[in-house]
Every structure is written in C-alpha cells, then in structure tokens.
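Visitor: My questions will all concern the structure given below.
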Amino acid sequence: MMEQTDNLIKLSNGQVLSKETIDGDIATINFGPTHPATHGIFQNILTVDGEKILTSEQTVGYIHRAFEKLAERRPYNQITPITDRLNYCSSPINNLGWHMTVEKLLQVEVPKRVQYMRVIIMELARIADHLICDSIIGVDTGALTSFFYPFSEREKIYELYEEMCGARLTTNIGRIGGFDKDFTPVFHQKLKEFLKTFPKAFEEWNGMLERNRIFMDRTKGAGPISAERALAYGFTGPNLRAAGVDYDVRVMHPYSSYEDFDFTIPVGVNGDTYDRFMVRQEEIRQSLRIINQAYNNLPEGPFHADIPEFFLPEKKDVYNNMEALIYHFKIVMGESDVPVGEVYHSVEGGNGELGYFLISDGGRAPYRLQFRRPCFIYYQAYPEMISGANISDAVITLSSINVIAGELDA
Amino acid sequence: MTNNTLLDALQVELGSKIITSEVLYDTLVIEISPSEAFDVVELLKNDAALSFNFLTLIGAVHYPEEKGRELCVVYHLHSWKNAIRLRIKSYLSQDNPSIKSLTPLFDGANWQERETFDFFGIQFEGHPNMTRILNMEEMDYHPMLKQYHLEDGTREDKDDRFFGR
Amino acid sequence: MGKIEDLEVINGEGYQLTTLDKAVALARSNSVWPLPFATSCCGIEFMATMGSTYDLSRFGMERMSFTPRQSDLLIVAGTISKKLAPVLQKVYEQMAEPKWVLSVGACASSGGIFDTYSVLQGIDRIIPVDVYVPGCPPRPEQIIDGVMNIHRLVKHEPMRRRYSEEYRHLLGNYEIEVTNADNDK
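Here the protein sequences line up with chains L, V and P, keeping their order.
Here our numbering is used: position 65 in the first sequence is 65, and no number is missing along the way.
Here our numbering is used: position 28 in the second sequence is 438, and no number is missing along the way.
Here our numbering is used: position 25 in the third sequence is 600, and no number is missing along the way.
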C-alpha cells in the first residue's frame with residue numbers, strides 16, 4: 001500500500017509525506033464490511049496516523065444482486081418489485097419512477113388525479129427516507145434517542161402505504177397507468193391524522209438536535225465537499241444541495257404535475273455533515289407543504305389511464321366480457337405489445353436523480369434497462385471527503401451521505 | 411433551447427463528426443465514432459453556449475447481431491444552462507472494445523466506467539484503475555453480455571423444470 | 576443426558592429445586608444478545624422491530640453487539656451475495672459457543688427473488704441455521720415470532736450439546752472446526 005524510504009513515505013494515492021509530519025506509526029484498519037447494522041455493507045480500508053485518516057480504499061459490490069440482468073428476463077409490470085429494492089427506504093419513488101418511464105415509452109398521458117396521488121405518495125416516501133437518514137446521523141454521534149422518535153412516526157407512513165398497496169416497506173405500489181384503487185376512506189382519515197400530528201412530533205425531535213451544542217460541534221466541518229468537486233463527481237440530491245447548488249429534477253424537468261406546487265429548495269453552505277442534516281430536515285418540511293397542497297386540491301377523475309393493454313380490467317368484467325378476459329390473460333402472461341424505442345426518465349429520489357434508461361425491442365421484457373443510481377455515483381467521493389479527518393468524522397460522514405446498499409450495488 | 415436548435419448548433423460545432431442523429435421520445439441522440447468521443451464531450455463541456463456541464467450516466471448495450479458494432483457505449487449529458495439532455499452513442503466491435511476514458515473531464519466517470527467494464531468487458535484507456543467493481547475479482551466472464559445466463563449454472567438446490575426455464 | 580421429567584419441584588422459603596440445565600437455559604433464553612448482520616431491506620424491518628412500536632427490548636435483546644465475540648444470536652437479515660459469503664462464515668466462526676442463527680427474510684433463507692449468478696441461494700449453504708423467518712420483508716411481528724422460536728430452542732437446549740459428537744459432525748458438514756475445551760478428549 002505504501003513504500004518507505006529514509007525520510008519519505010509514499011502512499012498509494014501518490015501522496016508523498018515526510019516522516020516528520022507523521023506523529024506515530026501508520027496503521028491499516030478495516031472499516032467494514034460488517035458495520036453496525038444501520039448502514040449497509042461496504043468496505044473501506046483506511047490507513048490512519050493515530051486518529052487521522054491518510055488514505056482510504058473502497059470495495060463495493062457485497063450486495064450485488066444483478067438487477068439489470070434480472071430486468072431483461074421479466075415483463076414490464078414484473079419489474080416493479082425489483083425497483084422496490086433499489087432505495088428500499090423510499091421504495092414508492094422507485095416504483096412510480098419506473099411506471100412513469102414505461103408510460104413515457106408507451107406515450108400514455110395519465111389523468112390529473114393520478115398525478116396528484118403520485119405526488120402525495122412520493123413525498124411521503126421522501127419524508128420516510130430523510131427520517132431514517134437523519135436519525136442515523138444522530139445515532140452515530142451518540143444520541144440513541146433520536147432513533148426511536150422518528151421510527152414511531154415512520155410507522156404511520158407505513159400504515160398509509162399498507163392501506164394503499166398492502167405492504168410496508170417494499171411496496172410495489174401503483175400500476176402502469178395509475179393505481180389499482182382509489183384512496184380509500186381509511187386512507188383519507190389516516191392522511192388527515194398524519195398531517196395534523198406529524199409536524200408537531202417532527203419539530204419536537206428536530207429540537208433535540210438542531211441547536212444542540214454537542215451535535216453541532218461534532219457535525220460542523222465533518223466531511224466537507226465543495227460545490228465544484230461535487231459537480232465533478234456527479235452529485236445530485238441533498239448532498240449536492242448541501243454544498244450550495246440548487247439542482248432538483250422536480251424543478252428543472254418537472255414530472256407528474258410538480259410544476260403546480262409551490263415549494264422551495266433548501267440549500268446549504270459548506271457541504272459538511274451539519275448542512276446535509278439541515279437540508280434534509282428542511283426538505284421534510286417542504287414535502288409536508290407539497291402534500292398539503294396536493295391533498296387540498298386533489299382533482300376528481302379516474303384513478304388510472306385508459307390503457308386496457310397494460311392495466312388489468314376489473315375482475316367482474318374478466319368473468320363476463322371476452323375482451324377483458326383476453327386483456328387479462330395477455331397482461332398477466334406479459335405478452336402485451338410494447339413499441340420499439342429507447343427512453344430515459346429521471347425522478348428526484350431520496351438521494352438524488354434516479355434515472356431509468358430503457359431500451360425496448362418490442363419483446364415482452366426490456367432489451368436493456370439501466371438504472372442511474374445516485375448512491376453509486378456520489379459514493380466515489382467518499383475518500384476525498386474524509387481525507388485528513390478523524391475516524392469518528394468518517395463514521396458520521398458515511399451516515400450523513402445516506403448510502404443505501406441496495407442502490408449502491410443494484 | 412429545443413432539440414432542433416440543439417441539433418443545428420451541434421452541426422455547426424461538430425460538423426462531420428456526427429454520424430447519425432435522431433430525436434427519440436424527447437432526447438436528441440447522436441452517434442459519434444469511438445476515436446472522437448472524448449474530443450466531442452470535451453468540446454461540449456467547455457463550450458460557453460452549449461455548456462454540457464453534467465455527466466448523468468455512462469452505460470453500454472450489447473447487440474450481438476450487429477457484426478462489427480456489437481457493443482454500444484452510451485453517454486448521457488445534461489446542460490443545466492439550457493435545461494436540455496443529450497445522448498451520445500459510440501459503437502465498438504467486440505474483438506477489441508476500447509475507448510478513451512472520460513475521467514480527465516468528469517471525476518464521476520470513474521466508477522461508472524469500471525461498472526461498464528465489469529459488465530461488458532469494454533476497456534477504457536487512461537482509466538486510473540480498470541478493475542472489476544461489483545462482481546468478484548475471480549469472475550472470469552462479463553455477465554451482462556447476452557450469451558450468458560442470469561442464473562448460476564452450478565447451483566444444485568433449484569430444479570430448472572419447476573422454475574420455467 | 577436428557578431432561579429429568581418427573582422431578583418434583585419443591586418450593587421452600589427462599590429456595591427452589593430444579594436442574595442446572597433448566598436454570599441455565601432460563602437465564603440464557605431471557606438475555607440473548609443479537610448480532611444484527613443486516614444487509615438490505617430486511618435490515619430496515621429489523622430496525623423497525625427494534626423501534627418502540629414493536630419493541631425488541633422487552634425480550635432482553637436491546638443490547639445489539641456488533642462484535643461477534645460477545646453475541647449469542649446471529650441475525651442474518653437481507654441478501655447475502657457470493658462476495659459476502661466468506662465474511663459471513665468468518666463472523667460465524669468468531670462467535671463463542673453457544674450460538675444460534677436466525678435467518679430473516681426470503682433472501683437469507685433461500686436466495687429469494689434473486690436467482691442470479693451473484694447471490695448465494697440461502698445462507699444454509701455455508702452456516703447452520705436454527706430458525707428461518709419467511710417474508711419479503713417479513714413484518715416485525717413475524718420477526719418477533721422467529722425470535723420467540725429461538726427462545727424456545729434456547730430454553731430446551733441441554734448444556735452438553737455443544738460438546739457432543741453430533742454437533743461436531745453437523746458443523747463439519749459446513750467445514751467449520753469446533754474448538755472448545757473438551758476438544759482433545
């Protein structure tokens with residue numbers, strides 16, 4: 001990893017240090033792959049001088065599950081469960097992004113009500129994702145209580161998902177063309193309840209950390225990255241916004257009626273851990289604002305587009321109507337006709353621009369599906385963010401950039 | 411800026427370097443030969459009016475039927491100033507698939523090119539660390555090529571008859 | 576070396592007669608310290624089980640040890656890929672006897688929906704598993720049910736089991752050496 005000659009030490013990244021600058025011996029320690037459960041599986045081999053990190057070498061791929069190859073086997077509606085497992089903390093965003101990609105390929109326009117419903121579900125998912133990330137930053141600085149408060153709030157979001165699709169975490173929510181059912185009365189009641197009680201609970205939890213002396217001392221200046229370096233690496237999402245660049249896919253290329261809503265994009269200053277924490281907290285507040293606007297102005301209309309080749313007909317029609325029976329058969333067996341073409345669509349996921357590059361050759365499964373995974377792209381910058389920092393700063397930097405292993409390795 | 415004005419501007423800048431161009435669904439897609447891809451991306455990045463400052467994605471596609479053009483490297487670029495996306499494709503032959511790496515221009519291309527190498531076997535010249543990233547180092551084939559199966563052929567606990575394969 | 580079924584339980588002033596096996600098993604089963612080896616989505620459901628709604632600490636399990644040396648139960652939640660398999664086996668070998676393994680989720684039990692070239696089709700290819708919890712991901716209630724099954728196993732395990740020839744043979748199937756004090760007998 002490094003060579004030593006009389007007075008100089010040459011490290012593996014090309015840096016040459018004089019022996020006088022180094023206080024003691026250089027040690028090589030292993031940071032991962034078995035982390036404390038919260039983060040995921042990736043390995044960093046660090047060379048440290050005392051507590052200061054000199055170089056870091058990364059290994060990823062410990063949870064590579066071959067999504068892209070798997071997608072070439074499955075028909076379009078069966079790929080949704082795979083997209084769940086990308087960023088599993090906010091899986092509705094992945095699902096609905098995929099549905100929008102296929103709708104773009106089919107050139108289908110979904111009704112306004114569906115778009116507003118999608119916005120509500122996606123913003124709930126974004127809140128869930130940011131709650132996890134910020135509670136884990138708190139845990140890594142030693143505040144274990146900050147883990148329990150948000151998790152009981154997340155249970156409310158899980159109940160909303162369950163009402164809509166039946167599952168808590170890997171939701172497989174919605175269908176190509178809309179949703180399988182409208183918002184039920186129980187959903188309306190639970191959502192109203194959530195919108196009434198969550199802001200107060202959120203502010204109570206936020207107050208524990210936001211101006212906390214110890215938390216601020218730990219996180220300010222930990223793992224900074226400048227805006228130029230972040231852009232060179234291809235950062236998107238809260239990590240880029242914490243560095244000061246206000247790029248948001250929802251604003252630059254609006255999808256699913258985001259242009260109807262009024263929200264601000266929070267932007268940080270230094271790009272350090274405290275800024276990332278604060279940007280995510282503010283994004284939760286903005287998401288609540290969007291949900292309120294969407295819910296109060298929810299338009300009437302059908303809850304799915306009129307595409308019988310892709311949207312399952314109602315069961316009573318299947319039993320009585322010949323056409324519905326044929327469509328049902330074709331959809332379930334995956335034999336619907338898809339036009340030939342290639343399309344790229346991106347949504348603003350919890351971590352940044354989540355993109356789907358889909359090439360279809362008219363067959364039942366995609367010819368090629370590639371996911372643009374934000375975690376994979378910004379995790380490359382991690383060694384640069386922690387060089388020269390203490391090991392404890394490396395830990396909270398890792399938790400603050402919110403690396404989700406499923407999205408990292410796909 | 412619309413796709414048509416972008417195409418006109420590109421034809422002025424690049425001229426004959428563009429082999430084909432078409433607008434697919436809402437994005438302009440141009441084909442560039444592999445030896446010129448790096449220069450084109452550099453030109454687009456440094457141009458003040460076009461200003462393609464963001465590299466969104468690098469990927470590859472395998473077309474086993476097209477002889478001499480089996481592997482296609484796809485670059486997705488994004489210009490924030492003009493809020494427009496561009497897709498650049500370069501076709502490589504499978505005998506010696508190699509193309510110049512974009513790491514001098516964009517640091518974020520590093521791991522994406524390693525992933526493309528891992529899955530398809532495309533060599534990127536000038537890349538600082540051309541090794542496998544997601545699969546195990548001992549793996550001796552490139553799994554995303556069309557001739558390889560999804561499943562591991564050596565597994566003994568699943569009977570293919572029951573899984574529809 | 577079985578249990579003594581008809582032992583009369585005599586309750587007196589400040590004493591109770593029982594077997595050493597039962598007393599030790601009771602103590603062990605109510606304070607199992609888990610090692611959460613959480614890789615993917617099931618890990619988030621495990622974290623929800625640890626949270627206050629589905630409290631795992633009422634079973635005495637809130638002390639999550641991330642070092643194998645001080646843990647009793649290895650909870651494998653999430654997909655294990657072939658790249659990670661040697662790491663998992665090493666973690667299992669580093670745990671001290673007695674140790675149990677809980678496999679949470681479809682991916683850890685059998686590979687799940689990922690029947691691909693890079694995913695290990697079930698962790699029982701490399702380590703012996705005590706309880707499997709199916710689901711993708713399993714609800715926290717299911718995980719707690721798995722944990723309670725582990726407690727039942729712990730409560731009825733004889734103290735000499737880990738030294739027995741049968742146990743050594745079981746671990747030999749996975750090419751794991753059993754090292755304990757009686758090894759040289």
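Beta carbons are placed, not taken as given, at the ideal position from N, Cα and C, and that holds for glycine.
Please read these numbers as outputs of a predicted model, since none were measured by experiment.
(1) Using a Cβ-based criterion (distance less than 6 Å to any ligand heavy atom), does P/L601 qualify as near the ligand MN?
(2) Please tell me whether L/G61 has its Cβ less than 7 Å away from any Cβ of chain V.
(3) Tell me whether the stretch 344-357 of chain L and the stretch 79-96 of chain L touch, counting them as touching only if at least three CB pairs, one residue from each stretch, are closer than 8 Å.
(4) Can you give me the C-alpha to C-alpha distance between L/A201 and L/Y233, rounded to a whole angstrom?
(5) With distances taken between CB atoms, is the gap from L/T55 to L/T28 smaller than 7 Å?
(6) Is the beta carbon of P/M734 less than 7 Å from the beta carbon of P/D596?
(7) Does L/F148 have its Cβ less than 7 Å from a Cβ in chain P?
(8) Check whether the stretch 373-389 of chain L and the stretch 517-532 of chain V are in contact - that is, three or more C-beta pairs closer than 8 Å.
(9) Mind listing the chain V neighbours of P/T691? Cutoff is C-beta to C-beta under 8 Å, in chain order.
(10) State the Cα-Cα distance for the pair P/F689 and P/V666, rounded to the nearest angstrom.
(11) Distance cutoff 7 Å, beta carbons only. Does V/Q557 sit that close to anything in chain L?
(12) Give me whichever residues DSSP pairs with L/E57 in a beta bridge.
(13) Look at the alpha carbon of L/L240 and the alpha carbon of L/D246, and state the distance between them as a whole number of angstroms.
(14) Name the chain P residues that come within less than 9 Å of V/R571, Cβ to Cβ?
(15) Can you have a look at L/M100 and say buried or exposed, based on whether 16 or more other CB atoms are within 10 angstroms of its CB?
(16) With 7 Å as the threshold, decide whether the Cβ of V/P553 is near any Cβ in chain P.
(17) For P/V729, is the classification buried or exposed, using 16 other Cβ atoms within 10 angstroms of its Cβ as the cut-off for buried?
(18) So, for P/K657: in the same chain, excluding its five sequence neighbours on each side, which residues have a beta-carbon less than 8 Å away from its beta-carbon?
(19) On the three-state DSSP scale, how would you describe L/E421?
(20) Closer than 7 Å, CB to CB, is V/A447 near chain L or not?
(21) Under a CB-based cut-off of 7 Å, is L/G97 close to chain V?
(22) Thinking P/L649 and P/L610 are a contact (beta carbons under 8 Å), I'd like their distance in whole angstroms, please.
(23) Listing by chain order, which chain L residues have their CB less than 7 Å from the CB of V/G469?
(24) Are any of the Cβ atoms in chain P nearer than 7 Å to that of L/T170?
(25) List the residues of chain L that P/S627 touches, going by C-beta distances under 8 Å, in chain order.
(26) So, for L/F235: in the same chain, excluding its five sequence neighbours on each side, which residues have a beta-carbon less than 6 Å away from its beta-carbon?
(27) Across which residues does DSSP place V/T470 in a beta bridge pair?
(28) I need the DSSP call for P/Y707, collapsed to helix, strand or coil.
(29) In the stretch 612-637 of chain P, which residues sit with their C-beta less than 9 Å from some C-beta in chain L, listed in chain order?
(30) Which residues in chain P sit within 7 Å of L/C89, going by Cβ to Cβ distance?
(31) Going along the chain, which residues of the stretch 684-717 of chain P sit with their C-beta nearer than 9 Å to a C-beta in chain V?
(32) Can you tell me which of the three DSSP states L/E407 falls into?
(33) If you pair each beta-carbon of the stretch 272-291 of chain L with each one of the stretch 115-130 of chain L, do three or more pairs fall below 8 Å?
(34) For the stretch 645-677 of chain P, which residues have a beta carbon sitting closer than 8 Å to at least one beta carbon of chain V?
(35) DSSP state of L/G97, grouped into three classes?
(36) Name the two residues that bound the continuous alpha helix (DSSP H) containing V/E423.
Guide: Based on what the coordinates show:
(1) For the structure depicted, the ligand MN is absent and the ligand set is empty, with no information on it obtainable.
(2) Reading the first sequence from its first residue, position 61 is the one you call residue 61 of chain L. Closer than 7 Å: yes.
(3) yes
(4) By 1-based counting over the first sequence, the position of residue 201 of chain L is 201. By 1-based counting over the first sequence, the position of residue 233 of chain L is 233. Cα to Cα, the separation comes out at about 36 Å.
(5) As a first step, residue 55 of chain L must be located in the first sequence, where it is residue number 55. As a first step, residue 28 of chain L must be located in the first sequence, where it is residue number 28. No, they are not a contact pair.
(6) Numbered from its first residue, the third sequence carries residue 734 of chain P at position 159. Numbered from its first residue, the third sequence carries residue 596 of chain P at position 21. Result yes, Cβ atoms of P/M734 and P/D596 sit closer than 7 Å.
(7) Locating residue 148 of chain L in the first sequence gives position 148, where the first residue counts as 1. By this cut-off, L/F148 is an interface position.
(8) yes
(9) Here residue 691 of chain P refers to the residue found at position 116 when the third sequence is read from its first residue. Per Cβ cutoff of 8 Å: L560, E561, D562.
(10) Looking up residue 689 of chain P in the third sequence gives position 114. Looking up residue 666 of chain P in the third sequence gives position 91. Rounded to the nearest angstrom, the two C-alpha atoms are 23 Å apart.
(11) Here residue 557 of chain V refers to the residue found at position 147 of the second sequence. No, no contact with chain L.
(12) Taking the first residue of the first sequence as 1, we reach residue 57 of chain L at position 57. According to DSSP, L/E57 bridges with L/I45.
(13) Position 240 of the first sequence, counted from the first residue, corresponds to residue 240 of chain L. Position 246 of the first sequence, counted from the first residue, corresponds to residue 246 of chain L. Taking the straight line joining both Cα atoms gives about 8 Å.
(14) Residue mapping note: residue 571 of chain V aligns to position 161 of the second sequence, counting from 1. Per Cβ cutoff of 9 Å: no residues; V/R571 is ~14 Å from chain P at best.
(15) Within the first sequence, the letter at position 100 stands for residue 100 of chain L. L/M100 is buried by the Cβ-count criterion.
(16) Walking along the second sequence from the start, residue 553 of chain V turns up at place 143. For V/P553, the answer is yes, since a Cβ of chain P falls inside 7 Å of its Cβ.
(17) Against the third sequence, residue 729 of chain P aligns to sequence position 154. With 16 or more Cβ atoms within 10 Å of its Cβ, P/V729 is classed as buried.
(18) On the third sequence, position 82 is the one that residue 657 of chain P refers to. Excluding sequence neighbours, P/K657 sits near S693, V694, L695.
(19) Any answer about residue 421 of chain L is impossible in this case: the structure gives chain L only from 1 up to 410.
(20) Counting from 1 along the second sequence, the entry for residue 447 of chain V is found at position 37. No - not a single Cβ of chain L is within 7 Å of the one on V/A447.
(21) Residue numbering aside, residue 97 of chain L sits at position 97 when the first sequence is read from its first letter. Chain V contact via Cβ: absent.
(22) The residue labelled residue 649 of chain P in the question sits at position 74 within the third sequence. The residue labelled residue 610 of chain P in the question sits at position 35 within the third sequence. At roughly 5 Å, the Cβ-Cβ gap stays under 8 Å, so P/L649 and P/L610 are in contact.
(23) Mapped onto the second sequence, residue 469 of chain V falls at position 59. Going along chain L in sequence order, the residues near V/G469 (Cβ under 7 Å) are F357, Q370.
(24) Residue 170 of chain L sits at position 170 when you count from the first residue of the first sequence. Interface residue, yes.
(25) What you label residue 627 of chain P is simply residue 52 of the third sequence in a count that begins at 1. Within 8 Å Cβ-Cβ: F148, F151, S152.
(26) One-based indexing of the first sequence puts residue 235 of chain L at position 235. Around L/F235: Y378.
(27) Locating residue 470 of chain V in the second sequence gives position 60, where the first residue counts as 1. Checking the sequence shown, residue 470 of chain V turns out to be Ala, not Thr. In DSSP, V/A470 forms a bridge with V/V483.
(28) As a working mapping, residue 707 of chain P is identified with position 132 in the third sequence. P/Y707: strand per DSSP, three-state reduction.
(29) F612, A613, T614, S615, C616, C617, G618, I619, E620, F621, M622, A623, M625, G626, S627, T628, Y629
(30) For the purposes of this step, residue 89 of chain L is taken as residue 89 along the first sequence, with counting starting at 1. Neighbours of L/C89 on chain P, chain order: I619.
(31) S685, G686, D690, T691, Y692, S693, V694, Q696, G697, R700
(32) Taking the first sequence and counting its residues from 1, the one referred to as residue 407 of chain L is at position 407. Correct three-state label for L/E407: helix.
(33) yes
(34) K657, K658
(35) Within the first sequence, residue 97 of chain L is the residue found at index 97, counting from 1. The answer is helix: DSSP assigns L/G97 an H, G or I state.
(36) Locating residue 423 of chain V in the second sequence gives position 13, where the first residue counts as 1. Here the alpha helix (DSSP H) through V/E423 covers 413-424.
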